[in-house]
Amino acid sequence: MFDIFKIFNFLKKNLSRKDLLIIILIIGLFFLTRLINLDKFPIFSDEGIYIHWAKVAWHDASWRFISLTDGKQPLQTWGTIPFLKLFPDNALLAGRLFGVLGGFLSLVGFFSLTFYLFGKRASQLGSFLYVFTPYFLFYERMALVDSWVNAGFIWIFLFLIYLVREKLLSTSLILGLLGGFFLLAKSSVRIFLMLGIISPILVFQKNLRKFFKESVNYYFLLALSITIALVIYNIQRLSPFFHYVDQKNLTFVMSFDEFFKTPFQYFWNNLRYTPLYIFWEMGFVLGLIGLSGLIKLIKKDIKLGFYFLLWILLPFTAIVFFTKVLFPRYLIFFASILLILAAYYLSDKTKKFLFVLIFLSVVFFDFTILFGYKNIPFPAVDRGQYIEGWPAGWGIKETMEFARKKSKDKPVVIIAEGNFGMAYDVLDVYLKPTDKITLKGYWPLNEKQLYENQPLLKDSYVYVFFSHRDEFPEFWPMKLVKRIEKPGYQSDFHLFELTTDK
Numbered sequence: 002m003f004d005i006f007k008i009f010n011f012l013k014k015n016l017s018r019k020d021l022l023i024i025i026l027i028i029g030l031f032f033l034t035r036l037i038n039l040d041k042f043p044i045f046s047d048e049g050i051y052i053h054w055a056k057v058a059w060h061d062a063s064w065r066f067i068s069l070t071d072g073k074q075p076l077q078t079w080g081t082i083p084f085l086k087l088f089p090d091n092a093l094l095a096g097r098l099f100g101v102l103g104g105f106l107s108l109v110g111f112f113s114l115t116f117y118l119f120g121k122r123a124s125q126l127g128s129f130l131y132v133f134t135p136y137f138l139f140y141e142r143m144a145l146v147d148s149w150v151n152a153g154f155i156w157i158f159l160f161l162i163y164l165v166r167e168k169l170l171s172t173s174l175i176l177g178l179l180g181g182f183f184l185l186a187k188s189s190v191r192i193f194l195m196l197g198i199i200s201p202i203l204v205f206q207k208n209l210r211k212f213f214k215e216s217v218n219y220y221f222l223l224a225l226s227i228t229i230a231l232v233i234y235n236i237q238r239l240s241p242f243f244h245y246v247d248q249k250n251l252t253f254v255m256s257f258d259e260f261f262k263t264p265f266q267y268f269w270n271n272l273r274y275t276p277l278y279i280f281w282e283m284g285f286v287l288g289l290i291g292l293s294g295l296i297k298l299i300k301k302d303i304k305l306g307f308y309f310l311l312w313i314l315l316p317f318t319a320i321v322f323f324t325k326v327l328f329p330r331y332l333i334f335f336a337s338i339l340l341i342l343a344a345y346y347l348s349d350k351t352k353k354f355l356f357v358l359i360f361l362s363v364v365f366f367d368f369t370i371l372f373g374y375k376n377i378p379f380p381a382v383d384r385g386q387y388i389e390g391w392p393a394g395w396g397i398k399e400t401m402e403f404a405r406k407k408s409k410d411k412p413v414v415i416i417a418e419g420n421f422g423m424a425y426d427v428l429d430v431y432l433k434p435t436d437k438i439t440l441k442g443y444w445p446l447n448e449k450q451l452y453e454n455q456p457l458l459k460d461s462y463v464y465v466f467f468s469h470r471d472e473f474p475e476f477w478p479m480k481l482v483k484r485i486e487k488p489g490y491q492s493d494f495h496l497f498e499l500t501t502d503k
């Protein structure tokens, strides 16, 4: 029977006033670091897609599953809508608040998990380090679903351990509900539920008959959890676009047929970059301390230590063999595993020199994420994604502000190169309900589309925004308004004004 007073009594027994003050401080630091300058970092191309979907779904209920048209689960679309209602004139802020909320769920889960496994000191220390880990700090400030995937890992990991130890039907039901909920975030969450198969390791004992009996009971409860999760997941079948999910997955992950034909096609590249990305975006030191924590845990509690080891090795093996497209954000849950282990390692004794190393390894990273975006020390792949390459939206906000100013005289039409992501969707993010601005996206955008839109010049200003092309024939009917350069000078944007025939 549920009794909320038992929860209150547990908290009162285990948490002092000092502990509550520490928890409040951690929560305060979390929201301070996540909310400061939240909408100042230039918009990323994928953020534009996801926020645009949420805007469409908000205003047209028949498109609540719009993300499935690109094979993406709908949780982010649905979760962004309430924030759009709160901030209709700042869609980027609304979209990124979705990421912040996912980060807060991760933090709460992280505290609960480390408290359950390693005690109060580890949970407080680990949660404090969580707030300032660059991996989490950056992605929890973005309008991306990855902070929710990380939350899904943490909560599923926690309830799998609790389920195998306690074998309660109520735990199984909660795990199923959580699993189904987070499956609506991203397909990769499935691997966390699948790893529940190895949980009986935690209750292994020499009495094999008793161990077999406990394992059978656990697997029955796990099967119930997975069934509930799949029932929730299959709500997406209400949309005729559900089949695109499997097609989209094949863009990022090899099918078994592909794997058996060329099993090492991506292996060596993934083997090199997977650990590099994980340690790099943690600031290196925390990840290395996490490995030290794993060794220490194996020595002290071989069953729990081996369980953590398998949660690292099995997903790592799957990723290096099967992943076609690898970005650091896809690996964020590894950072949570290593940080849990780092908190365990640091919780026993005060190792001041390690805290100095941690501080030195993350302080510049964190400062640039919050205040010096051009200098964030990302690996090359993420600098290309968020700072230097074509997906980085430098100048998008300023372009829309320029158009808004011009629209005070007469309506403005912006012809965007790209009708998905960059540049149409990212421009649409900054479009306010009261704007007299019309966006038209084309791919490709060339001379034909320019001449087709010339009649609009009679009643409107017409501007042309190029996000990919960098060479423009002189005879095209347009004049340069502004060239927007990006850090690193790998790419740039061009804004032209459409004119009559030259």
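The sequence shown maps to residues 2 to 503 in the working numbering. By construction, the Cβ of each residue, glycine as well, lies at the ideal position given by its N, Cα and C atoms. In this text the structure is predicted, and so the values were computed from the model without any measurement.
Closest residue to residue i among the options (Cα-Cα distance)
i	options	result
residue 74	55, 215 and 224	55
residue 1	50, 418 and 264	Within the shown structure, residues of the chain are numbered from 2 to 503, placing residue 1 beyond reach of any answer.
residue 124	136, 175 and 347	347
residue 377	456, 284 and 465	284
residue 101	115, 252, 397 and 138	138
residue 52	354, 80, 42 and 29	80
residue 504	430, 496 and 368	Since the displayed the chain opens at 2 and closes at 503, residue 504 lies outside it and no answer follows.
residue 30	105, 45, 86 and 445	105
residue 221	136, 35, 172 and 114	172
residue 303	205, 94 and 82	205
residue 551	255, 332, 314 and 67	In this structure the chain extends from 2 to 503, so residue 551 is not present and cannot be described.
residue 482	476, 491, 467 and 490	467
residue 333	195, 273 and 148	148
residue 451	498, 90, 281 and 151	498
residue 494	308, 390, 243 and 280	390
residue 1	457, 396 and 282	Absent from the model: residue 1. The displayed extent of the chain is 2 to 503, so no value can be given.
residue 232	278, 179 and 113	179
Reduced DSSP secondary structure (H/G/I, E/B, other) of residue i
i	result
residue 134	coil
residue 82	helix
residue 419	coil
residue 495	strand
residue 446	coil
residue 501	coil
residue 34	helix
residue 377	coil
residue 435	coil
residue 479	strand
residue 441	strand
residue 316	helix
residue 144	coil
residue 60	helix
residue 243	coil
residue 201	helix
residue 408	coil
residue 329	helix
residue 473	coil
Residue i - partner residues in DSSP beta bridges
i	result
residue 324	254
residue 484	495
residue 44	394
residue 217	DSSP, once it has assigned bridges, lists no residue as partnering residue 217.
residue 413	438 and 462
Residue i classed as buried or exposed, judged by whether at least 16 other C-beta atoms fall within 10 angstroms
i	result
residue 142	buried
residue 9	exposed
residue 393	buried
residue 269	exposed
residue 198	exposed
residue 223	buried
residue 120	exposed
residue 46	buried
residue 336	buried
residue 195	exposed
Residue i: first and last residue of the uninterrupted beta strand (DSSP E) it sits in
i	result
residue 462	462 to 467
Alpha helix (DSSP H) segment containing residue i, residue limits
i	result
residue 362	353 to 371
residue 1	Because the chain spans 2 through 503 in this model, residue 1 falls outside it and cannot be assessed.
residue 147	147 to 167
residue 508	Residue coverage of the chain in this structure runs from 2 to 503, which leaves residue 508 outside it and unanswerable.
residue 177	170 to 184
residue 299	286 to 301
residue 112	92 to 119
residue 456	Careful: residue 456 lies outside any alpha helix (DSSP H) and carries neither H nor E.
residue 11	5 to 15
residue 274	268 to 283
residue 348	333 to 348
residue 193	191 to 195
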